[in-house]
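Converting from the sequence shown to this note's numbering requires adding 747 to each position, the first position being numbered 1.
Note that the Cβ used here is the ideal one computed from N, Cα and C, for glycine as well.
Note that this is a predicted model, so its numbers are computed, not measured.
Report on the following structure.
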Amino acid sequence: MATNTNFFEELHSTELTGVAYKNVWLKKQMLTHFANEGNATVADLSRTLNTSIPKTSELVNELLADGLVKDYGKTDSGVGRKPNLYGLEPASAFFVGVEVKNLHVNIGLMDFRRSLVKTSRGIPYLLNNTEESLHTLCTIVCDFINTSSVQLEKILGIGINLTGRINYRTGYSYSFFNFHEDPLSKIIESVVGIHTYLENDSRAMAYGEFCSGGVKDEKNVLFVNLDHGIGMGIMVGGQLYYGKSGFAGEVGHIPMFNNEILCHCGKKGCLETEASGAAITRIFKERLAEGASSIVTNKRTNPEDIVLEDIIEAANNDDTLAIEIITEAGEKIGKGMATLVNLFNPELIILGGSLSATGDYIRLPIKNALNKYSLSLVNNDTQLSISQLGDKAGIIGACLLVRDRLLAITS
């Protein structure tokens, strides 16, 4: 039996010409159809690809022999002789998605048919811009793969989401782990032994939500990642938008405030300085020092040990101080997003990231500010919702981006 590797090598080969090139292109189109539309008959594929039945059947048989496609038996519809349905073989290929947070890592394994077959969320991890932190991240990834019970050769790619400036085309990270001349993707790949892609965390989360979450027929969508920082993924015309250098979506660095608070980007007055998870944590500690009370202190006797997750948990348990500060942040975020609504006129805005777990405590002040500061004729057509995928958005998006880029699939 042929191996999967042969097809993937051919798919990305620059040496194929003539009939061989066309056959690989047609097989890629078949896999794209299976991936996006589901199972199909040979007749369905023939019409979609505008190829003859014999040629289509020949290529399907080659994909069956490669183990990439599975025969799912006879269809239930129609009359007369019922044709066979073909689709992706779930266990023929797997993809790993890694979401790197400030204080933990989420990681998942997805099969060829987009099902998460293994996840591990909340793995303790401290994101620092050091060699030691990078080494720890590689160890976490390797340990997850080694305990996955999937053959290493079947894992075709790893997607790693990092905060900050990422150029996914080159594999360079400009915010974390930029220690070497080689791109970070190659550094990690050399340790793990599997082809590795890098992506900005907000954009990967957005892609997961666009493909498998709350997006239905909408073509122009903004996904706002409300976490320790504030990031955004943009869908324009049904496609993920990157901008010239791949850095589009840095909404957290809109200069909104006339303050002297230094943002981690090196500038002052960014939206993140007063409305991000990091800002909420800082303000929360300041209010405690001024004499405010909160149930958080029952858990953290030392205020310096308080983290964003503690404040989110407190808000969801009706803590007045936590709700008050999150509401203030939501109003500021909504004011910044009003500018985006006026610029993009989106059909849908999705709120994701850890702060979205507070539900209406963050959504309602954002909605009120959007109504107040954006043009009514524009915001009347914009829906505002909470992420359906929650803390799985990042790992799903990372896996799908790897799968779709490896196969040159457009989702």
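For residue i, the three-state DSSP class (helix, strand or coil)
i       : result
Arg1152 : helix
Asp890  : helix
Glu1007 : coil
Phe754  : helix
Asn972  : strand
Asn925  : coil
Pro1050 : helix
Leu815  : coil
Val962  : coil
Glu1060 : helix
Lys1015 : strand
Thr1067 : helix
Ile1001 : coil
His942  : coil
Ala1039 : coil
Ser1158 : Note on Ser1158: pLDDT 45, under 50, position unreliable in the model; the coordinate value appears next. Here Ser1158 sits in coil by DSSP.
Gly820  : strand
Val897  : coil
Ala749  : With a pLDDT of only 44 at Ala749, under the threshold of 50, the placement of this residue in the model should not be trusted; the figure read from the coordinates follows. Note: Ala749 maps to coil in three-state DSSP.
Cys1146 : helix
Asn1045 : helix
Ser799  : coil
Glu1021 : helix
Asn1089 : helix
Thr877  : coil
Asn1208 : Because residue 1208 is not part of the residues shown, which for the chain are 748 to 1158, the question remains open.
Glu762  : coil
Residue from the options whose Cα sits closest to the Cα of residue i
i       : options                              : result
Gln898  : Ser920, Cys1010 and Asp858           : Asp858
Leu1124 : Phe1091, Leu1153 and Gly1100         : Phe1091
Asp947  : Phe926, Lys829, Glu762 and Asn972    : Rather than Asp, the amino acid found at residue 947 in this sequence is Asn. Measuring from the Cα of Asn947, the nearest candidate turns out to be Asn972.
Ile1053 : Phe1031, Asp1066, Ile1072 and Arg828 : Phe1031
Thr822  : Leu1098, Thr788 and Leu1117          : Thr788
Ser959  : Asn770, Gly1016, Gly904 and Cys1146  : Cys1146
Ile1001 : Lys991, Gly993 and Lys1014           : Lys1014
Asn849  : Gly980, Leu796 and Asn875            : Asn875
Gly692  : Met952, Gly990, His927 and Cys1012   : A query on residue 692 cannot be resolved here, the shown segment of the chain reaching from 748 to 1158 and no further.
Lys1046 : Val888, Val938, Asn808 and Ala1061   : Ala1061
Gly694  : Asp964, Ser793, Thr1048 and Glu1056  : What the structure shows of the chain is the stretch from 748 to 1158, and residue 694 is not part of that stretch, so it cannot be assessed.
Arg860  : Thr894, Ala782 and Leu1111           : Ala782
Tyr919  : Ser932, Phe754, Ala953 and Arg828    : Ser932
Leu909  : Leu1087, Tyr944 and Glu878           : Tyr944
Asp791  : Val766, Ser880 and Leu832            : Leu832
Ile907  : Lys1082, Ile854 and Leu1131          : Ile854
Arg1130 : Ser922, Gly1144 and Ala1085          : Checking the sequence, you will find Gln at residue 1130 rather than Arg. Closest by alpha carbon: Ala1085.
Gly1083 : Glu1019, Val843, Ser799 and Pro1093  : Glu1019
Element boundaries [beta strand (DSSP E), containing residue i]
i      : result
Val983 : Ile977 to Val983
Ile780 : This sequence places His at residue 780; Ile is not what is there. Not the beta strand (DSSP E): His780 falls in the alpha helix (DSSP H), residues Gly765 to Glu784.
Thr866 : Leu863 to Pro871
Tyr988 : Gln986 to Tyr988
For residue i, the first and last residue of its enclosing alpha helix (DSSP H)
i       : result
Glu956  : Asp948 to Ser959
Tyr833  : Not the alpha helix (DSSP H): Tyr833 falls in the beta strand (DSSP E), residues Asn831 to Leu835.
Gly993  : Where Gly993 is concerned, there is no enclosing alpha helix (DSSP H), given that its DSSP letter is neither H nor E.
Gly1024 : Gly1024 to Ala1036
Ile794  : Residue 794 is actually Arg in this sequence, not Ile. Segment Val789 to Leu796, the alpha helix (DSSP H) holding Arg794.
Lys1139 : Looking at the DSSP string, Lys1139 is not in any alpha helix (DSSP H), and its letter there is neither H nor E.
Arg690  : This structure gives no information on residue 690, because the portion of the chain shown stretches from 748 to 1158.
Val1174 : Residue 1174 cannot be examined here, being either before or after the span of the chain that is shown, 748 to 1158.
Strand pairing of residue i, partner residues [DSSP]
i       : result
Phe841  : Asp858 and Ile902
Tyr919  : Asn914
Ser1132 : Ile1097
His851  : Pro871
Leu909  : Asn947
Glu846  : Asn853 and Asn908
Distance cut-off 7 Å: residue i Cβ against heavy atoms of the ligand NAP
i       : result
Ile1053 : Looking for the ligand NAP in the displayed structure turns up nothing, as the structure carries no ligands at all.
Review point. Are three or more beta carbon pairs between the stretch 1103 to 1112 and the stretch 1128 to 1138 nearer than 8 Å?
Key: yes
Check your understanding: Is the stretch 979 to 989 touching the stretch 1006 to 1017 in the sense that three or more CB pairs, one from each, lie closer than 8 Å?
Key -> no
Practice item. Decide if the stretch 1146 to 1156 is in contact with the stretch 763 to 780; the criterion is three or more beta carbon pairs, one per stretch, under 8 Å apart. Key: yes
Exercise for review: Decide if the stretch 959 to 977 is in contact with the stretch 1015 to 1033; the criterion is three or more beta carbon pairs, one per stretch, under 8 Å apart.
Suggested key: yes
Check your understanding: Per the contact definition of three or more C-beta pairs closer than 8 Å, is the stretch 1038 to 1045 in contact with the stretch 1068 to 1075?
Key -> yes
Review point. Should the stretch 861 to 873 be regarded as contacting the stretch 910 to 921, the criterion being three or more beta carbon pairs within less than 8 Å?
Key: no
Check your understanding: Counting pairs of beta carbons, one from the stretch 801 to 820 and one from the stretch 831 to 839, are three or more of them closer than 8 Å?
Key -> yes
Review point. Would you call the stretch 1109 to 1128 and the stretch 919 to 930 touching, i.e. three or more CB-CB distances under 8 Å?
Key: no
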